[in-house]
Amino acid sequence: MPDDIDVDLLLIGAGPAGLYGAYYAGFRGLRVAVLDAQPQLGGQVSAIYPEKNIYDVAGLPAIQGQTLIESLASQAAQFDPVYLLGEQAQELRRRDAGWTVVTAVGRSIHAAAIVITSGVGAVTPRQLPCSAEQYLDKGLRYFVPKLDVLDGKDVVIVGGGDSAVDWALAALPRSTSVTLVHRRQEFRAHEHSVRRLRASSCRLVLDATVTAVRGNGVVDGLEVLAKGADPEVLPAQVIVAALGFLMNLGPIKDWGLDLDGRSIRVDSSMRTNLPGVFAAGDVTAYPGKVKLIAVGFGEVATAVNNAAVEINPTSSLAPGHSSDAVPLPI
């Protein structure tokens, strides 16, 4: 049986918001643990797009996903957070002073307060609208953790959101050809990215449906049918299906939290309906919510500062300026 843990603050989720929360909790003098069902730090960034550039973090014109995670972990390391990876949070139990979270391996984590930074939870990729799972990892992909799998290949991206457009732009300098297939004329991606895509050499096949994946053991083409055109087979050794994800909060959804679909409702202090339980990042819902990593950083700082007062009512909500603190070696 793994050892039980006793901390001031438990962060559930080791993605960008959770890692920044670990730093901020340490800055506020709190003993902190970070729990995540994944075996590595970084959440979806590490699991799905570690080599893709991120462009919307303030002060960083561009940063690779894994580099961002490593920098966040280095920032938090000065305060020695306890990382509990590969353990899913299962049960939430009220105790006299705070909460106990029991993990799937039987560990109990006692915390005076909790911040849930679990992102969108467990994700399952939406499949192509034709039977193609026999080609999974044989040319068909839902994630591209390593961009070198695109090198020198004919690549077809299916989808019209940010992920699809980003993968197409990332593939262009390294692939033989890049085609993006989308079932509509308009994209759901950021306008700047769409403008870059339309100005690039990527071929766009719009108002089109995917009818079949071609190949003999491995992918060698994708059959599509565009509106008003004859069926066409696009050459492809790599197909990236970027059609979005089915999301699941897992056991957290049964904890009595006030939910809005698969998100947790919070107020302006990032409080949930449970006392001493906060949430931050993509898992949260409130009017005007925007799901960005940069937004999650601000939300988790708000959550941690309010949790610090919850844990010690004599402490100040205002954290002071980090520039006034004595720096620790990193």
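All residue numbers for the sequence shown refer to my numbering, where the first residue is 579 and numbers rise by one.
Note that beta-carbon positions come from the ideal geometry of N, C-alpha and C, so glycine has one too.
Whole-Å CB distance - residue i paired with residue j, under 8 Å assumed
i	j	result
L812	G799	6 Å
V623	L587	Incorrect: roughly 22 Å between the Cβ atoms, too far for contact.
S841	F605	Going by Cβ atoms, the distance from S841 to F605 rounds to 27 Å, so no, they are not a contact pair.
I626	I632	12 Å between Cβ atoms; not a contact.
Y864	R849	Wrong, their Cβ atoms sit about 11 Å apart, outside the cutoff.
H688	D584	5 Å
Residue i versus the options, residue with shortest Cα-Cα distance
i	options	result
H770	D832, L747, R781 and I626	L747
S778	V743, G795, R762 and V797	V743
A690	P891, E764 and V733	P891
V698	A885, T862, T880 and E888	T862
A820	P809, D832, G874 and F765	F765
G730	F657, V816 and R762	V816
V855	L638, W677, V660 and Q644	W677
A700	V635, G621, F875 and H768	G621
D658	P639, K716 and A603	A603
D634	V882, R672, E810 and H768	H768
L650	G684, L750, V660 and A592	A592
Length of the line joining the Cα atoms of residue i and residue j
i	j	result
S709	V788	10 Å
V878	N826	21 Å
P617	L662	9 Å
S652	A896	24 Å
I694	E629	26 Å
L782	P707	19 Å
A872	A858	11 Å
G834	I692	14 Å
S755	R774	16 Å
P594	D674	31 Å
L758	L784	8 Å
F875	G737	28 Å
E648	A600	13 Å
Q763	D740	15 Å
Short Cβ contact (8 Å threshold) for residue i with residue j
i	j	result
G839	R704	no
R814	V797	A quick correction: the sequence has Ala, not Arg, at residue 814. A contact, by the Cβ cut-off of 8 Å.
S686	I590	no
A654	E665	no
P853	Q668	no
V818	R719	yes
E801	A786	no
L613	L597	no
A714	A886	The sequence shown places Leu at residue 714, not Ala. Taking 8 Å as the Cβ cut-off, L714 and A886 do not qualify as a contacting pair.
L824	K831	no
R672	V680	no
Closer than 7 Å: residue i CB and nearest the ligand HEM heavy atom
i	result
L587	In terms of ligand content, the structure shown is empty, and the ligand HEM therefore cannot be addressed.
Query raised in the report: Which full runs of the beta strand (DSSP E) of 3+ residues lie inside the region 758-834, going along the chain?
Result: Those beta strand (DSSP E) runs which fall completely within the region 758-834 and span 3+ residues are 781-783, 786-793, 797-804, 810-813, 816-819 and 823-826.
Report task. Pick out the complete alpha helix (DSSP H) segments inside the region 697-749, 4 residues or longer, and give them in chain order. Result -> Runs of the alpha helix (DSSP H) inside the region 697-749: 740-749.
Requested in this report: Report the residue ranges of all beta strand (DSSP E) runs contained in full by the region 621-689; include only those spanning at least 3 residues, in chain order.
Outcome: Runs found: 660-663, 667-673 and 676-681.
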